[in-house]
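*Asks:* Pasting in a structure now, in structure tokens, and then I'll have a few things to ask.
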Amino acid sequence: MSVSPHPQRPVEDSSSGKMPKHVAFIMDGNGRWATARGLPRTEGHRQGLETLRSIIRHAGKVGVEIITIYSFSSENWNRPATEVSFLMGLLKRFVQRDLSELHEANVRIRIIGGRSDLDPGILSLLEEAEELTRRNSGLELVVAFNYGSRAEILRAAQHLAQRVQDGDIRLEEITEEAFSQSLDTGGLPDPDLIIRTSGELRLSNFLLWQAAYSEFYFCDLNWPDFDEAAFDEALSCFGNRQRRYGGLDAKAL
Ligand code: FPP
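Given below as structure tokens:
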């Protein structure tokens with residue numbers, strides 16, 4: 001795959017006023033895509049990886065700066081063992097096959113999600129991807145793997161409570177900012193836009209804290225069918241949204 005190392009700045013036209021800096025994806029519908037074609041569900045995941053490659057390329061081209069993908073949730077371990085093992089294999093192939101190209105394209109990879117209970121082989125692969133690309137300055141690709149938002153929030157709360165107990169910080173220093181910094185996403189801006197494919201209308205334990213002021217975009221396409229044109233449509237829809245963060249439009253003041 002090829003990603004532009006020097007993204008063009010967002011195209012400003014009448015249909016897209018603003019470009020989101022950070023877009024997060026719930027890549028849903030792989031199984032249904034495959035079943036509808038009489039294929040095993042794993043084929044849907046394989047095709048889903050192709051879609052992911054094209055979406056990363058496109059994000060780099062249009063000037064989105066960060067994309068977060070929900071690649072495997074902490075609840076996905078409950079799927080049949082064959083499907084879980086296929087998804088692990090796909091992740092390994094993605095890292096092994098695409099890492100050098102992503103690195104050349106100046107993409108920085110960051111992993112979010114629980115690490116303590118991960119298979120050491122997978123963990124070292126993910127850490128290698130982070131380490132190799134740590135100093136890159138292009139598109140940031142945040143991979144949510146073994147990720148569950150409630151568990152992430154709990155980890156942050158425990159971390160801060162421990163610091164209070166140890167006398168490192170005072171209780172009053174647990175601010176929204178300090179809490180955000182203690183999440184796996186610490187240091188990243190919140191997602192401006194969250195896209196979920198396949199017609200499901202829920203967050204499924206994804207970025208619950210970070211999504212406080214995100215715009216949502218739901219589309220009926222299954223993830224393997226979500227192409228560049230569908231992405232452009234989502235971006236253009238975002239460009240027409242009025243974000244008020246609980247305040248009022250400038251016009252209304
Ligand atoms: C949801 O579709 C998708 C997943 C649980 C896995 C997402 C994985 C990919 C897109 C593969 C590429 C990514 C990496 C990095 C390995 P579903 O299986 O829940 O579909 P369904 O709701 O139709 O059953």
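Per the UniProt record's numbering, the very first residue in the sequence shown carries number 1; after that it's consecutive.
Just so it is clear, CB atoms sit at the ideal spot from N, CA and C, and this is done for glycine as well.
If I'm right that P224 touches G48 with Cβ under 8 Å, what's the distance once you round it to whole angstroms?
*Replies:* Going by Cβ atoms, the distance from P224 to G48 rounds to 5 Å, so yes, they are a contact pair.
*Asks:* Three-state secondary structure (DSSP) at V107?
*Replies:* DSSP places V107 in coil when its eight states are reduced to three.
*Asks:* How would you label G167, buried or exposed, when you count the other beta carbons within 10 angstroms and need 16 or more for buried?
*Replies:* Counting Cβ neighbours within 10 Å, G167 comes out exposed, since fewer than 16 surround it.
*Asks:* Which parts of the region 52-140 are runs of the alpha helix (DSSP H), unbroken and 4 residues or longer, counting only runs that do not cross its ends?
*Replies:* Correct list: 81-104 and 120-133.
*Asks:* Counting Cβ pairs closer than 8 Å, one from the region 211-218 and one from the region 87-100, do we hit at least three?
*Replies:* Because the criterion of three Cβ pairs below 8 Å is not met, the region 211-218 and the region 87-100 do not touch.
*Asks:* How about A129 and L99: are their beta carbons less than 8 Å apart?
*Replies:* Yes; because the gap between Cβ atoms is below 8 Å, this pair is in contact.
*Asks:* Counting along the chain, where does the alpha helix (DSSP H) carrying A234 start and finish?
*Replies:* Start and end: E228 to G239.
*Asks:* Go through its chain and collect everything with a Cβ distance to D13's Cβ below 8 Å, but skip five positions before and after it.
*Replies:* Confidence in D13 is poor, its pLDDT being 39 and thus under 50, which makes the residue's placement unreliable; the coordinate value appears in the next sentence. Result list for D13: empty, nothing under 8 Å.
*Asks:* Just to confirm the assignment, what range does the beta strand (DSSP E) spanning F216 have?
*Replies:* It spans E215 to F218 - the beta strand (DSSP E) in which F216 sits, taken as one unbroken run.
*Asks:* Enumerate in chain order the residues of its own chain whose CB-to-CB distance from E228 is below 7 Å, with the five nearest sequence positions on each side excluded.
*Replies:* The residues are S54 and H58.
*Asks:* By the DSSP assignment, the alpha helix (DSSP H) with L193 in it spans what residues?
*Replies:* No alpha helix (DSSP H) contains L193, which is instead part of the beta strand (DSSP E) from L193 to R196.
*Asks:* Could you tell me which of L203, I66, I122 and R41 sits nearest to T185, measuring between CA atoms?
*Replies:* Taking only the C-alpha atoms, the option nearest T185 is I66.
*Asks:* For I153, which residues does DSSP report across the bridge?
*Replies:* Its beta-bridge partners do not exist; DSSP assigns none.
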